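Residue numbers (our numbering): 323 to 550.
A quick write-up on the structure given underneath.
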Amino acid sequence: MCPTNPETSNTTKLPKALFPNIFAFSPNRDTLGGASYLIIEKEANILIDCPAWESSNQDFFNFHGGIDYLVITHRGALGKATAIQSATNCEIFIQEQEAYLLPEAKVKAFREKLQLTPTIELIWTSGHSPGSSCVYYDCQGGILFSGRHVLPNKKGEPVPLRTAKTFHWRRQVNSISLLLEKFSSETLKYILPGANTGFLRGRGMINNAYEQLSQLDLQDLFTTQPLL
323 MCPTNPETSN TTKLPKALFP NIFAFSPNRD TLGGASYLII EKEANILIDC
373 PAWESSNQDF FNFHGGIDYL VITHRGALGK ATAIQSATNC EIFIQEQEAY
423 LLPEAKVKAF REKLQLTPTI ELIWTSGHSP GSSCVYYDCQ GGILFSGRHV
473 LPNKKGEPVP LRTAKTFHWR RQVNSISLLL EKFSSETLKY ILPGANTGFL
523 RGRGMINNAY EQLSQLDLQD LFTTQPLL
């Protein structure tokens, strides 16, 4: 059951409550400033990507009942995943092409998609990295935890970003097209990105997510997006 909530956080403490049951952690140096999130549900506590594994965050997890599932959205978000699993006995989920990056952990790999809970689906969105994926949460009008597949630009708009480390730019753009086919303005209201959260200027999320994604000129992106 989805809790009722405001659209923005009413707390200034970290981790920050974006919704009553969704918390955002401060950027993690171990993952080059990556963002991570905790979803608290009756069925399970789901951590998306790795926050700094320090005492304050460990205390936070303990207070909220631990971690049941850790979902890694791309190879750059591994952080201290093995240590987190060792301390919490959580299950780690990652797209199959990047499961080998955690040789000392027990991982559960998925291919194209996986229904993790009745409201949470893992979706392979290759491009940023071979096993880049997103996490869709079917609550609050639809929330997409986008990892580094889609990030806010300096205006806070959701875009794919092409960098020197991008695995396959055309696949990344095509993965956005697949998301637009899968969702609609009724099923995708928010994006919670895996980096560049400072460009959101305290909001913590991208609103009207589907409408903003649908305004991207995907064909133009194939040829004009410069390397960052």
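For every residue, glycine included, the Cβ atom is placed at its ideal position computed from N, Cα and C.
All figures in this text were calculated on a predicted structure; none of them were measured in a lab.
What's the C-alpha gap between residue i and residue j?
i, j, result
"Tyr-459", "Arg-525", "19 angstroms"
"Asn-379", "Ile-406", "11 angstroms"
"Pro-349", "Leu-473", "14 angstroms"
"Leu-502", "Gly-387", "35 angstroms"
"Pro-515", "Leu-423", "22 angstroms"
"Phe-505", "Ile-465", "11 angstroms"
"Leu-336", "Phe-347", "6 angstroms"
With a 10 Å radius around its C-beta and 16 neighbouring C-beta atoms as the bar for buried, classify residue i as buried or exposed.
i, result
"Asp-371", "buried"
"Tyr-532", "buried"
"Leu-369", "buried"
"Glu-376", "exposed"
"Ala-399", "buried"
"Thr-447", "buried"
"Arg-492", "exposed"
"Ala-517", "buried"
"Gln-437", "exposed"
Tell me where the alpha helix (DSSP H) around residue i begins and ends.
i, result
"Lys-428", "It is not in any alpha helix (DSSP H) - Lys-428 carries neither H nor E in the DSSP assignment."
"Thr-353", "Element bounds for Thr-353: n/a, residue is neither H nor E."
"Ile-445", "Run containing Ile-445: none in the alpha helix (DSSP H); it sits in the beta strand (DSSP E), 442-446."
"Ile-498", "491-504"
"Ser-408", "403-410"
Taking the alpha carbon of residue i as the point to measure from, which residue in the options has its own alpha carbon closest?
i, options, result
"Gln-541", "Ser-497, Ala-421 and Gly-520", "Ser-497"
"Ala-409", "Lys-428, Glu-363, Tyr-422 and Ile-528", "Lys-428"
"Lys-338", "Thr-519, Asp-539 and Leu-543", "Thr-519"
"Ile-344", "Phe-521, Tyr-512 and Gln-534", "Tyr-512"
"Gly-356", "Lys-364, Arg-397, Glu-365 and Phe-341", "Arg-397"
"Thr-485", "His-471, Phe-432, Glu-443 and Glu-434", "His-471"
"Ser-507", "Gln-534, Ser-499, Val-495 and Val-481", "Gln-534"
Who are residue i's beta bridge partners in DSSP?
i, result
"Gly-469", "Pro-515"
"Val-393", "Ile-370 and Phe-415"
"Pro-474", "Pro-480"
Within 8 angstroms of any Cβ in chain C, is that where the Cβ of residue i sits?
i, result
"Val-472", "Annotation note: the requested chain C is absent from the structure, which comprises a single protein chain."
On the DSSP letters alone, give me the boundaries of the beta strand (DSSP E) that residue i sits inside.
i, result
"Asn-341", "For clarity, residue 341 is Phe in the given sequence; the question names Asn instead. 338-341 is the span of the beta strand (DSSP E), which, as asked, contains Phe-341."
"Tyr-458", "455-459"
"Gln-534", "Not the beta strand (DSSP E): Gln-534 falls in the alpha helix (DSSP H), residues 531-536."
"Lys-435", "435-439"
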